[in-house]
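The block underneath contains the structure these notes are about, expressed in structure tokens.
2 protein chains.
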Amino acid sequence: MTTLGFALLGLLAREPLSGYDLAQQLKKPVGFFWHARHSQIYPELALLEAEGLVTHRVIDQTDRPDKKLYEITGQGRQVVGDWVTSPLPVPAVRDELVLRAYCVWLADRGRARAMFEEQARIHADSLAHYEAIKAWFEAEHHEQIRDITSPHFAGYAAVMRGVGYEREYTEWCRWVVTMLAAE
Amino acid sequence: MTTLGFALLGLLAREPLSGYDLAQQLKKPVGFFWHARHSQIYPELALLEAEGLVTHRVIDQTDRPDKKLYEITGQGRQVVGDWVTSPLPVPAVRDELVLRAYCVWLADRGRARAMFEEQARIHADSLAHYEAIKAWFEAEHHEQIRDITSPHFAGYAAVMRGVGYEREYTEWCRWVVTMLAAE
DNA sequence: GATACATATGTAGGTATTGACATAGGAGGG
DNA sequence: CCCTCCTATGTCAATACCTACATATGTATC
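If you read the sequences in order, they're chains A and B. Going by the numbering used here, the first sequence opens with residue 1, and the numbers climb by one from there. Going by the numbering used here, the second sequence opens with residue 1001, and the numbers climb by one from there.
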């Protein structure tokens, strides 16, 4: 089982979805900290089905192409639940912008400043996006987000991480900009 | 040119290093937001040398095996400087712990709480590590960390991100723990 | 003397992911 | 009627990365 497989199971545990739907949800910034292309999703769904973790049925559609609607099985639900608390491998953090910051002393000052200003904008936009989702959760599911057995709590927890992550990232970008702009 | 290639050039722009040294620096948590194994580093160094971005000379050592000391060329310095401000591809954020949080409603409450407590400890340790490096920079290079043409400024900027990242991550883990512990 | 460990450099095989190619039906606009 | 876009499912080749294998020298410990 790959991590992508668990990501798909985690989405299918909430509602039945087609491969196309899953690909939409795993597009940034909707996919909370995991994403994949349809070229990886379709084969992974076939593997999950071969292992008996999901099943599918074809839905005939008149106004658009037919689709395969995937549903999680009881076994799939068990597998993803066990995976959540299984030993976590050391996370592989890779951030190209931080790496670039580490090399910024070799770059042109003005161009570097422009780049970090743009990145600050991008992350501020992303932050606004997450904060909107957070507000939506609090308005629409103010009860369920306190119930840890509810998928809404889990979604809210992921969004909380998105807010914190992007807030810190935006602040750091702005700090770099002020340093590059100083004097 | 791969991102790893730029990472190696960024390190070699500071001082000549062997492949082994580079592998040590790119081990977590020393490698600030980029890491690689020696099995990837050695071939990459050969590619960089073939492109004329680095050169190497063999250093004879008596107390340990001989080593190849790599030095960046003028062209290599130019290439990495240009790369820093080149268009940045959309970052591919993948965080398995956040994905697990998104699925935590399917898991055992006690086990989940224990896992997030452990993760909080891990990230708190990492935060302490980054804060120690930050303090070292401020004590040893309090002048250079304000000079954007200095590698110390660049290193300080990367560490600042490490501090912010791990601080936020630790706080989020603790928030999840309190939610899982409530009632 | 044997064993383990740090230094040092490499290769080989497998997996996860991406980007491009491929097909197809229906909707909407010009 | 053509072109574009959204929906929908798939394959293929290339790449980035990891795990494991492979070798060699010197030091420290049992």
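We put the beta carbon where it would ideally sit given N, CA and C, even for glycine.
Contact of P16/A with chain B is not assigned, every C-beta pair being separated by 8 Å or more. Setting aside the 5 residues that flank it on each side, F1032/B is surrounded in the same chain by G1155, A1158, V1159, R1161 and G1162, each with a C-beta closer than 8 Å to its C-beta; the list follows chain order. With respect to the C-alpha of G1052/B, the residue from S1039/B, Q1078/B and T1062/B having the closest C-alpha is Q1078/B.
Not a single C-beta of chain B is nearer than 8 Å to the C-beta of W136/A. For L69/A, the enclosing beta strand (DSSP E) starts and ends at K67 to I72.
The CB of R1111/B comes closer than 7 Å to the CB of T85 in chain A, given here in chain order. Excluding the 5 residues flanking it on each side, H141/A has same chain C-beta neighbours closer than 6 Å at H152, in chain order. Within the stretch 1017 to 1069 of chain B, the runs of alpha helix (DSSP H) at least 4 residues long that lie entirely inside it are, in chain order, 1019 to 1025 and 1038 to 1050.
Exclusion of the five residues before and after H35/A leaves L26, K27 and K28 as the residues of its chain whose Cβ lies within less than 8 Å of its Cβ.
A residue is called buried when at least 16 other Cβ atoms come within 10 angstroms of its Cβ; E1143/B does not meet this threshold and is exposed. Rounded to the nearest angstrom, the gap between the Cα atoms of P1065/B and V1058/B is 11 Å. For T1085/B, there is no enclosing alpha helix (DSSP H), since its DSSP letter is neither H nor E. By the Cβ neighbour-count rule, R94/A is buried, with 16 or more other Cβ atoms within 10 Å of its own. For G1019/B, same chain residues with a beta-carbon under 6 Å away, outside a window of 5 residues either side, are I1041, Y1042 and L1045 in chain order. Taking a 10 Å sphere around the C-beta of E1183/B, we find fewer than 16 other C-beta atoms and assign the residue as exposed. Excluding residues up to 5 positions away in sequence, V1159 lie with their Cβ nearer than 7 Å to the Cβ of I1133/B in the same chain. Legend: CB atoms of the stretch 144 to 165 of chain A lying less than 7 Å from CB atoms of chain B belong to residues I148, T149, S150, P151, F153, A154, G155, A157, A158, M160, R161, G164 and Y165. In this structure the stretch 97 to 109 of chain A does not touch the stretch 1100 to 1115 of chain B; the number of beta carbon pairs closer than 8 Å is below three. In this structure, L12/A sits near E71/A, with a CB-CB distance shorter than 8 Å.
When rounded, the separation of the alpha-carbon atoms in S126/A and L97/A is 16 Å. Looking only at Q75/A, D60/A, F116/A and G74/A, the smallest Cα-Cα distance to S1086/B is reached by F116/A.
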